[in-house]
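Numbering (full-length UniProt numbering), first residue to last: 1 to 116. Structure, as structure tokens:
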Amino acid sequence: MSLAYTERLKEAGLLASTGSTGDSYDNAMAESINGLYKAEVIHRKSWKNRAEVELATLTWVDWYNNRRLLGRLGHTPPAEAEKAYYASIETMIWQPEFTDKTLSRKPGAVQFMGLG
Numbered sequence: 001m002s003l004a005y006t007e008r009l010k011e012a013g014l015l016a017s018t019g020s021t022g023d024s025y026d027n028a029m030a031e032s033i034n035g036l037y038k039a040e041v042i043h044r045k046s047w048k049n050r051a052e053v054e055l056a057t058l059t060w061v062d063w064y065n066n067r068r069l070l071g072r073l074g075h076t077p078p079a080e081a082e083k084a085y086y087a088s089i090e091t092m093i094w095q096p097e098f099t100d101k102t103l104s105r106k107p108g109a110v111q112f113m114g115l116g
């Protein structure tokens, strides 16, 4: 874990959840993403300086989180799939089951709205 990362966590009042040193099985998903990043970005070329690596890293992270196509999401980018997911939940939650019924105006009345 980098010193800058550790310091940033400390400033935010957070404690890092880390396992044993050098144990790649402790957090397999993170290690898998780290492996992809190294294979797709770091090991593909020689880097002139840290700024060049930082820019390439930011570009890759943006692509990975927002624009890459995922087969299990119907070849949709993650950001687009997330937006569609939350839009569908919002529609499901706010759509009344019985739209032809008027709501009671009596104080203390209980209103029922189904999840369509």
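Don't be surprised by glycine CBs; every beta carbon is placed ideally from N, CA and C.
Which residues in the same chain as residue i place their Cβ atom closer than 8 Å to its Cβ, once the five residues preceding and following it in sequence are excluded?
| i | result |
| --- | --- |
| GLU40 | TRP60 |
| GLU90 | none |
In this structure, how does DSSP classify residue i when only helix, strand and coil are distinguished?
| i | result |
| --- | --- |
| LEU73 | helix |
| ARG8 | helix |
| LEU14 | coil |
| TRP60 | helix |
| VAL53 | helix |
| PRO78 | helix |
| LYS38 | helix |
Which residues in the same chain have their Cβ closer than 7 Å to the Cβ of residue i, if we skip the five residues on either side of it in sequence?
| i | result |
| --- | --- |
| THR57 | VAL41 |
| THR6 | ALA16 |
| residue 117 | Residue 117 lies beyond the range of the chain shown here (1 to 116); nothing can be said about it. |
| GLY71 | none |
With residue i and residue j assumed to form a contact (beta carbons below 8 Å), what rounded beta-carbon distance in angstroms separates them?
| i | j | result |
| --- | --- | --- |
| ALA81 | LEU73 | 4 Å |
Please work out which residues of its chain come closer than 6 Å, Cβ to Cβ, to residue i, disregarding the five sequence neighbours upstream and downstream, and give them in chain order.
| i | result |
| --- | --- |
| LEU3 | none |
| LEU9 | ALA16 |
Should residue i and residue j be called a contact, given that it needs their Cβ atoms to be closer than 8 Å?
| i | j | result |
| --- | --- | --- |
| ASN66 | ALA79 | yes |
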